[in-house]
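Working notes, beginning with the structure itself.
Residue numbers (my numbering): 9 to 195.
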């Protein structure tokens, strides 16, 4: 369920753009409140709520199972993935005419297909909604402080703000190699 909620949260900006487009078209009398438009607004509103709730749960869940890590190397990868999703948002929000049943069905199929790829390949770090909330994505090489072996590991992490590597000890929530969060710097 966590994987699906993270996927839904990645598309919150898209859902918002599509609802905005439909409402503006209705206000300008380019569309009417018919069954399909009303259903689309309701479904997308529910997906926005589920996406925000899923992101909130994932972030709040990061307060459990905390691990002390030392960062050996970090690379910001925010820009590598955000712009790809942004172009997808523009494609859907501007060119898809969801007031047509055929375009609505294609929209749903595309979202489902992207979801299958997103979840099967654990692409949780590709989440523009978290970036909008101030989280940056990093590819990090680290070691766990409390681990006697001091094995070097690598994972993708979310961190709110810019990651300062001058102080290399952090508290992290290690849930998955493609969705972990650095919660705070150690004192």
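Even for Gly, the Cβ is constructed at its ideal location relative to N, Cα and C.
Name the DSSP beta bridge partners of residue i, please?
i           : result
residue 82  : 148
residue 167 : 144
residue 190 : 180
residue 162 : 149
residue 157 : In the DSSP output, where bridge partners are listed per residue, residue 157 has none listed.
Excluding the 5 residues preceding and the 5 following residue i in the sequence, name in chain order all residues of the same chain whose CB lies nearer than 7 Å to its CB.
i           : result
residue 21  : 97, 136, 137, 140
residue 15  : 123, 126, 127
residue 107 : 39, 44, 45
residue 33  : 39
residue 56  : 20, 23, 24
residue 109 : 44
residue 52  : 23, 26, 27
What separation, rounded to the nearest whole angstrom, lies between the Cα atoms of residue i and residue j?
i           : j           : result
residue 158 : residue 43  : 60 Å
residue 66  : residue 19  : 15 Å
residue 59  : residue 24  : 11 Å
residue 171 : residue 129 : 26 Å
residue 83  : residue 61  : 29 Å
residue 118 : residue 142 : 27 Å
residue 77  : residue 156 : 12 Å
residue 75  : residue 160 : 14 Å
residue 121 : residue 87  : 23 Å
residue 11  : residue 54  : 17 Å
residue 116 : residue 153 : 45 Å
residue 167 : residue 190 : 5 Å
residue 180 : residue 192 : 7 Å
residue 151 : residue 182 : 12 Å
residue 114 : residue 68  : 34 Å
List the whole-angstrom C-beta distance separating residue i from residue j, where the pair is believed to meet the contact cut-off of C-beta under 8 Å.
i          : j           : result
residue 47 : residue 30  : Contact flag wrong, Cβ pair sits at about 11 Å.
residue 80 : residue 149 : 5 Å
- Query: Which residue spans inside the segment 10-62 form an unbroken beta strand (DSSP E) run of at least 3?
  - Reply: none
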